[in-house]
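**Student:**
Residue numbers (my numbering), protein chains in the order written: chain A, 614 to 1261; chain B, 8 to 234; chain C, -17 to 229.
Encoded structure:
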């Protein structure tokens, strides 16, 4: 049975859709809100802002996170900024322009209505955050400052030094704390959702594991919101936090929620290159560096050789022997092309043998010109903390020598399918932020992830969830002693018991690293039919090996990090295959998804708008069974998909 | 409001700060009075001041007694609060301590040892009360004739043991004040990154003045006893 | 590089812990401290032993999850960084490294090097926010804020809530953490509105949770991975005392 996908996009003019929709959907009276329970899983920008706003409205909210405090969710690591169409810079920005840039940046694989709504509420987010005490950067006149970001020709990014994500999250976390204080929200830190409970086809609650005691708990609610972020850690090495995982989203998929465009992965162009086999994660250097930094590799292969054997320093290579390849290929946007374009261009140069470090997998990001133009002090003011961080990690001073950078997995645009109300294919189950698929298409623009998380949590979900809950006002408290809960808990306990009983020879990390390698080589920046088929076969084999040979020490009823990692890896081993399948299905190149078979003569991504203007939504059929794909056609009523052009 | 001085950490700190400030002022006064004794010992009477006259003036008049009571109260409050704070702080620290400890960068030794320094100061104070106060104000209170101040000083500091003990005492006081003086400003909220170096400088000056002022009396009379 | 590690092992909150010695070999100087522990843990798993539990997440110095006391220093020997930003090149080959959990009554050990820092959450829940509702706010540019004030607010807001301040303080005081939040909001006009209420509520909660009394040693700012100044403590003192005297 194929999934029934009703995107519920309201009719009417683009700019009126959201207002019309808000006017049309139902609301719940304050007296009834008190009787309704909502579970929010995850406390990043989406989860924290949603839980706080829902608590404020009067619902009973339970909020779960795997870290020891809601404040530690990985949204905190976002450096550069958050977009909004305020037009404070008077550079002719507008809601429409932000919408257009985002949909174009996403390579025309996102829903128009969702993206327009995102752009529309972006301004409210800035106001909200300022009121919460987020110390955004200011100009001397006391007004908010902006910076530029990739994929845009206007300056619309608001920032708080290099710690914008942290400050926005602290704002949302503060709002959450306010509601915890008021008693409308109850917080469950160090708790991991291990299953979603479905009854009569509707979400009824979750099974969670107390990560300190190992206790398995049942939590019932009238609606469940998944805000657990992306699944980039399927690659083992990524810029995601160590504990970031796709398991909560994957349980929803397993229980029947559609999973859309899983292959859309963003590879961020400016990360610190891999340095050794023992590396645990990759560090991102903010995209804002591309404002003033220029990316280059040598023009001559002999210079490359000299750099690698150390006989030349980058500063020894004269200007005329440098290939500023982004400026050369994309004169209009230069170093500020979108992420997917910049990443692929770096890969193209490195593949051609121009990579500048020993591994051949690095390009330069050079501030020489900017330092000459603006002075060291200005650069220090703008990027001081990033430069310090770079020096800390690499032991090289970026004020003296250019930074070395290379693309790394950063964000997953794909995720749980949701309709315009952010509800999944399971009634009562919602997905927000990076966990859903809705707004970024095939590539996300810089400074838009924070925007989407907060838009969903503050300004969209609190309205749309009322429409569903208005039908639940007669429903009693959800009972957790039902067969559905019994079964879900039993499944979780069996899975844990199984993992602990295998007692094989490989550690969880051993297998995770191998999975990451398969993914990066075959489902990474350049994908072919062969590589994807190979990946599917290899992942299947690795999954089998995992279930026969993994070694998980410790017990179920204690603080057991190895067990946590094993549970997550089990899901990654299925998710990786799903990503490869989706990539195999999508016989075109778009955004972060690059199929080598589909490129223009100049090596640019070649979209196929005849056959692939749809979201591929997958339905789970069993661990070793092929999932079934349903298409949600994307109707472009207001913008016309065109080849993305960042050249002129 | 009365209760926050005892049931709030910041209130308790305020009490320490204000009582400490009061004690610093008293010490400065005491020190300047002592300097008169030195001058007298050399036969000088600056501004016509006479140490014995001061001693008599601060004898058993009601204002001197009231001053003594207030002073004693200040000392007791400062000490009692110090013990309460330390007890609470040790409890807050927990039962298991670090295996390895270091002095963090920019942290003064004195700041971490205020209680120990304080105890040394109290012991010194006890000795001082025995040496002087008990033979001057106390005996007068009991209706006897007090001893002559300058003579008492001369006699006491001709003994090298007292000289050493008093110098140790003043050294402890120096350390205590180098932290205490700037810290009392911080506690009442007067401090920022520009003022910290200044406040610490003031603290060092005050502490050094107090040390030199008191030590001068001891050393002068010791040297005089030798010649 | 080779190292001898003396690591605190403790089964759970109720058990008694002890140091255990481990040896790690052939560590590249570019390995981060936590990656070195990963290597140790992977070896332990292969040997069938329970790996060392330690908190960590983002590994780029911003989430505040990592919390190790290394050779007498919260977050290791380097100043102004978190544990995850410590690299093995900062140690001497063959060195013995002592790794301990935060030691503070308010941060009980959960397991090995993992402690419970929920007390910090509770302090913020008591008042570390501006009471505004979603969507009932003026335009972002409606209230100009001087760059100096915004910058100072940001200095304080850089706090990652890792607990190093209380863990370092010989008095087990959480003042730097509380001060950072109070000061950050106090520097903004939006935060001034309930400034007095916030300072009182947060200090009361801090005291209730059993944190110690600040004695201005300044150890917290020396060990703070974000180098937050004790000038913010002075501001908290001001905020609190003026609030109390207004009562």
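Built from N, CA and C at the ideal position, the CB exists for glycine as well.
Measuring CB atoms only, is the stretch 66 to 76 of chain C touching the stretch 716 to 726 of chain A, in the sense that at least three cross pairs come out at less than 8 Å?
**Tutor:** Cβ pair count under 8 Å is below three, so no.
**Student:** Mind listing which residues of the stretch 188 to 199 of chain C have their C-beta closer than 8 Å to chain B's C-betas, in chain order?
**Tutor:** Residues 188, 189, 192, 193, 194, 195, 196, 197, 198, 199.
**Student:** Please confirm if residue 211 (chain C) has its CB atom under 8 Å from at least one CB of chain B.
**Tutor:** Sequence index remark: in the third chain, residue 211 (chain C) carries index 229 (1-based). By this cut-off, residue 211 (chain C) is an interface position.
**Student:** Touch check for the stretch 727 to 741 of chain A and the stretch 1062 to 1072 of chain A: three-plus C-beta pairs under 8 Å?
**Tutor:** These segments touch.
**Student:** For residue 10 (chain B), count the other beta carbons within 10 Å of its own beta carbon; 16 or more makes it buried, fewer makes it exposed. Which is it?
**Tutor:** Taking the second chain and counting its residues from 1, the one referred to as residue 10 (chain B) is at position 3. Exposed, because fewer than 16 other Cβ atoms sit within 10 Å of the Cβ of residue 10 (chain B).
**Student:** Check this for me: beta carbons of residue 658 (chain A) and residue 757 (chain A), under 8 Å apart or not?
**Tutor:** The residue you call residue 658 (chain A) lines up with position 45 of the first chain. The residue you call residue 757 (chain A) lines up with position 144 of the first chain. No, the Cβ-Cβ distance between residue 658 (chain A) and residue 757 (chain A) is not below 8 Å.
**Student:** With distances taken Cα to Cα, identify the nearest neighbour of residue 161 (chain C) among C:175, C:172, C:148.
**Tutor:** Sequence index remark: in the third chain, residue 161 (chain C) carries index 179 (1-based). Comparing Cα-Cα distances from residue 161 (chain C) to each of C:175, C:172, C:148, the minimum goes to C:148.
**Student:** Roughly how many angstroms separate the alpha carbons of residue 8 (chain B) and residue 18 (chain B), rounded to a whole number?
**Tutor:** Residue mapping note: residue 8 (chain B) aligns to position 1 of the second chain, counting from 1. Residue mapping note: residue 18 (chain B) aligns to position 11 of the second chain, counting from 1. Caution is warranted here: a pLDDT of 45 is assigned to residue 8 (chain B), below 50, making its placement in the model unreliable, and no coordinate value can be reported.
**Student:** Measure the alpha-carbon distance for residue 210 (chain C) versus residue 136 (chain C) and round it to whole angstroms.
**Tutor:** Locating residue 210 (chain C) in the third chain gives position 228, counting from the first residue. Locating residue 136 (chain C) in the third chain gives position 154, counting from the first residue. Rounded to whole angstroms, residue 210 (chain C) to residue 136 (chain C) spans 10 Å at the Cα level.
**Student:** Using a beta-carbon distance below 8 Å, is residue 974 (chain A) in contact with chain C?
**Tutor:** Residue mapping note: residue 974 (chain A) aligns to position 361 of the first chain, counting from 1. Not an interface residue.
**Student:** I need the straight-line Cα distance from residue 1269 (chain A) to residue 1178 (chain A), nearest angstrom please.
**Tutor:** As shown, chain A starts at 614 and ends at 1261. That puts residue 1269 (chain A) outside it, with no answer to give.
**Student:** Measure the Cβ-Cβ separation of residue 228 (chain C) and residue 178 (chain C) and say whether it is below 8 Å.
**Tutor:** As a working mapping, residue 228 (chain C) is identified with position 246 in the third chain. As a working mapping, residue 178 (chain C) is identified with position 196 in the third chain. Against a cut-off of 8 Å, the Cβ pair of residue 178 (chain C) and residue 228 (chain C) comes out as a contact.
**Student:** Using DSSP with H/G/I as helix, E/B as strand and the rest coil, what is residue 1217 (chain A)?
**Tutor:** As a first step, residue 1217 (chain A) is located in the first chain; it is residue number 604 there, counting from the start. In the structure shown, residue 1217 (chain A) sits in coil (DSSP, three-state: anything other than H, G, I, E or B).
**Student:** Should residue 1127 (chain A) be flagged as near chain C, meaning a C-beta pair shorter than 8 Å?
**Tutor:** In the first chain, residue 1127 (chain A) corresponds to position 514, counting from 1. Output row for residue 1127 (chain A): interface = no.
**Student:** Is the closest heavy atom of the ligand NAP to the C-beta of residue 183 (chain C) under 7 Å?
**Tutor:** Questions concerning the ligand NAP fall outside what the structure shown contains, since it holds no ligand whatsoever.
**Student:** Could you please tell me which residues of the stretch 85 to 103 of chain B, in chain order, have their CB closer than 7 Å to any CB of chain C?
**Tutor:** So the close ones are 92, 95, 96, 98, 99, 100, 101, 103.
**Student:** Please tell me whether residue 792 (chain A) and residue 115 (chain C) are closer than 8 Å, where the distance is taken between their beta carbons.
**Tutor:** Within the first chain, residue 792 (chain A) is the residue found at index 179, counting from 1. Within the third chain, residue 115 (chain C) is the residue found at index 133, counting from 1. Not in contact: residue 792 (chain A) and residue 115 (chain C) (Cβ atoms no closer than 8 Å).
**Student:** Locate the alpha helix (DSSP H) running through residue 188 (chain C), then write down its first and last residues.
**Tutor:** Here residue 188 (chain C) refers to the residue found at position 206 of the third chain. It spans 177 to 190 - the alpha helix (DSSP H) in which residue 188 (chain C) sits, taken as one unbroken run.
**Student:** Would you check if the distance between the CB atom of residue 648 (chain A) and the CB atom of residue 1086 (chain A) is smaller than 8 Å?
**Tutor:** Residue numbering aside, residue 648 (chain A) sits at position 35 when the first chain is read from its first letter. Residue numbering aside, residue 1086 (chain A) sits at position 473 when the first chain is read from its first letter. It is a contact, given that the beta carbons lie within the stated cut-off.
**Student:** Would you kindly check if the distance between the Cβ of residue 744 (chain A) and the Cβ of residue 119 (chain C) is under 8 Å?
**Tutor:** Looking up residue 119 (chain C) in the third chain gives position 137. Looking up residue 744 (chain A) in the first chain gives position 131. Yes, these two residues count as a Cβ contact at 8 Å.
**Student:** Suppose you measure from the CA of residue 888 (chain A) to the CA of residue 12 (chain C); what does that come to, to the nearest Å?
**Tutor:** On the first chain, residue 888 (chain A) is found 275 positions in, with the first residue counted as 1. On the third chain, residue 12 (chain C) is found 30 positions in, with the first residue counted as 1. Cα to Cα, residue 888 (chain A) sits roughly 8 Å from residue 12 (chain C).
**Student:** What residue from A:1246, A:786, A:761, A:767 has the CA that sits closest to residue 622 (chain A)'s CA?
**Tutor:** Translated into positions along the first chain, residue 622 (chain A) becomes position 9. Measuring from the Cα of residue 622 (chain A), the nearest candidate turns out to be A:1246.
**Student:** Mark residue 192 (chain B) as exposed unless 16 or more other C-beta atoms lie within 10 angstroms of its C-beta, in which case mark it buried.
**Tutor:** Start at 1 with the first residue of the second chain, and residue 192 (chain B) comes out as number 185. Result: buried.
**Student:** Closest Cβ-Cβ distance between residue 151 (chain C) and chain A: below 8 Å?
**Tutor:** For the purposes of this step, residue 151 (chain C) is taken as the residue at position 169 of the third chain. False, the Cβ-Cβ gap to chain A never drops below 8 Å.
**Student:** CB-CB under 8 Å to residue 1234 (chain A), same chain, minus the five flanking residues each way: which ones, in chain order?
**Tutor:** Here residue 1234 (chain A) is taken as the residue at index 621 of the first chain, counted from 1. For residue 1234 (chain A), where only same-chain residues beyond five positions count, the Cβ hits under 8 Å are 1240, 1241.
**Student:** Compare the C-alpha of residue 821 (chain A) against each of A:1215, A:1180, A:1131, A:1193 and name the closest.
**Tutor:** By one-based count along the first chain, residue 821 (chain A) stands at place 208. For residue 821 (chain A), the nearest C-alpha among the options comes from A:1180.
**Student:** Where does residue 981 (chain A) sit, in a helix, a strand or coil, going by DSSP?
**Tutor:** Position 368 of the first chain, counted from the first residue, corresponds to residue 981 (chain A). Residue state, collapsed to three classes: helix.
**Student:** Shorter than 8 Å from the beta carbon of residue 8 (chain B) to some beta carbon of chain C?
**Tutor:** Within the second chain, residue 8 (chain B) is the residue found at index 1, counting from 1. Reliability fails at residue 8 (chain B), whose pLDDT of 45 lies under 50, so the model's placement of it is uncertain and no value is given.
**Student:** Run through DSSP, which three-state label would residue 8 (chain B) get?
**Tutor:** Residue mapping note: residue 8 (chain B) aligns to position 1 of the second chain, counting from 1. Because residue 8 (chain B) carries a pLDDT of 45, less than 50, the predicted location of this residue cannot be relied on, and the following value inherits that uncertainty. Coil at residue 8 (chain B), not helix or strand.
**Student:** Between the stretch 1024 to 1038 of chain A and the stretch 921 to 929 of chain A, are three or more C-beta pairs nearer than 8 Å?
**Tutor:** Contact fails: fewer than three Cβ-Cβ distances are below 8 Å.
**Student:** What's the C-alpha gap between residue 632 (chain A) and residue 638 (chain A)?
**Tutor:** As a position in the first chain, residue 632 (chain A) is number 19, starting the count at 1. As a position in the first chain, residue 638 (chain A) is number 25, starting the count at 1. Each residue's alpha carbon lies about 10 Å from the other.
**Student:** When DSSP builds the beta bridges, which residues end up paired with residue 0 (chain C)?
**Tutor:** In the third chain, the residue the question calls residue 0 (chain C) occupies position 18. Bridge partners of residue 0 (chain C): C:-9.
**Student:** Where do the ends of the alpha helix (DSSP H) carrying residue 30 (chain B) lie?
**Tutor:** Taking the first residue of the second chain as 1, we reach residue 30 (chain B) at position 23. Residue 30 (chain B) -> alpha helix (DSSP H) spans 16 to 48.
**Student:** Would you give the residue range spanned by the beta strand (DSSP E) that residue 1019 (chain A) belongs to?
**Tutor:** Indexing the first chain from 1 puts residue 1019 (chain A) at position 406. Run containing residue 1019 (chain A): 1016 to 1025, per the beta strand (DSSP E) assignment.
**Student:** What's the gap between the Cα of residue 60 (chain C) and the Cα of residue 1003 (chain A)?
**Tutor:** Against the third chain, residue 60 (chain C) aligns to sequence position 78. Against the first chain, residue 1003 (chain A) aligns to sequence position 390. Near 15 Å, if we compare the C-alpha coordinates of residue 1003 (chain A) and residue 60 (chain C).
**Student:** Where in the stretch 625 to 675 of chain A do unbroken runs of the alpha helix (DSSP H), each at least 4 residues long, occur, reported from the N-terminal end onward?
**Tutor:** Within the stretch 625 to 675 of chain A, the complete alpha helix (DSSP H) runs of at least 4 residues are 630 to 637, 643 to 646, 658 to 670.
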